[in-house]
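Asker: Number 68 in numbering that gives the first Met the number 0 belongs to position 69 of the sequence shown; there are no gaps in the numbering.
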Amino acid sequence: MRIAVGNDHAGYPLKDYILNLLKELNMEVFYFGSNSETPVDFPDIAEKVCNAVRNKEVERGLMICGTGVGASIAANKFAGIRAAVTHDTYSAHQCVEHDDVNVLCIGAQIIGERLAKEIVATFLQAEFSIEEHFRRRVSKLQDIELKTARELQEYNK
0 MRIAVGNDHA GYPLKDYILN LLKELNMEVF YFGSNSETPV DFPDIAEKVC
50 NAVRNKEVER GLMICGTGVG ASIAANKFAG IRAAVTHDTY SAHQCVEHDD
100 VNVLCIGAQI IGERLAKEIV ATFLQAEFSI EEHFRRRVSK LQDIELKTAR
150 ELQEYNK
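#1: Taking 8 Å as the CB-CB limit, is V39 close to chain B?
#2: Among G106, A107, D40 and E96, which one has its Cα closest to the Cα of E131?
#3: In terms of alpha-carbon separation, which member of E36, K76 and K22 lies closest to K47?
#4: Hey, out of R134, H8, M62 and L140, whose CA is closest to H86's CA?
#5: Would you mind giving the Cβ-Cβ distance between G10 and G65, rounded to the nearest angstrom? I have them listed as a contact below 8 Å.
#6: Here's the rule: buried if 16 or more other CB atoms are within 10 angstroms of the residue's CB, otherwise exposed. What is A78?
#7: Taking contact to mean 3 or more Cβ pairs, one atom from each stretch, closer than 8 Å, check whether the stretch 15-22 and the stretch 103-117 are in contact.
#8: Given this structure, state the Cα-to-Cα distance separating V100 from N34, to the nearest angstrom.
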């Protein structure tokens with residue numbers, strides 16, 4: 000599997016651990032993050048990660064910031080992206096299985112290395128359910144996304 004990884008300065012302390020973990024899991028990593036604790040703007044990193052997912056250069060994305068919240072907000076602004084903040088293993092597989100989440104957001108200030116390892120591995124192993132009701136719900140999310148894009152175009156006229 001190919002995965003895009005991005006982090007801001009707050010996610011920097013967990014970055015090397017996650018990149019090494021992904022290599023151990025034989026993932027092909029596309030890295031777009033910050034290489035220091037010098038402040039950067041997470042929306043810029045999210046754009047790179049999300050565009051890699053949207054352009055099908057990678058199958059999934061992973062964002063690491065302080066709490067995961069800012070990264071998730073930024074990622075969910077991109078059409079075709081379904082991002083979730085996940086700090087437990089149950090949500091890590093459930094968000095993929097039921098909601099077809101393609102970008103995982105975690106907080107380096109919230110979880111440590113051991114839990115991050117379990118969450119990331121669980122997220123990457125999960126697959127979107129073939130059950131019709133889950134597919135129908137994700138289709139409705141896509142409809143909302145299209146409607147909102149049209150409304151935004153009208154608003155900006």
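We put the CB at the ideal spot given by N, CA and C, even for glycine.
Answerer: In brief:
#1: Among the protein chains of the structure shown there is no chain B, as only one such chain exists.
#2: E96
#3: K76
#4: M62
#5: 7 Å
#6: exposed
#7: yes
#8: 26 Å
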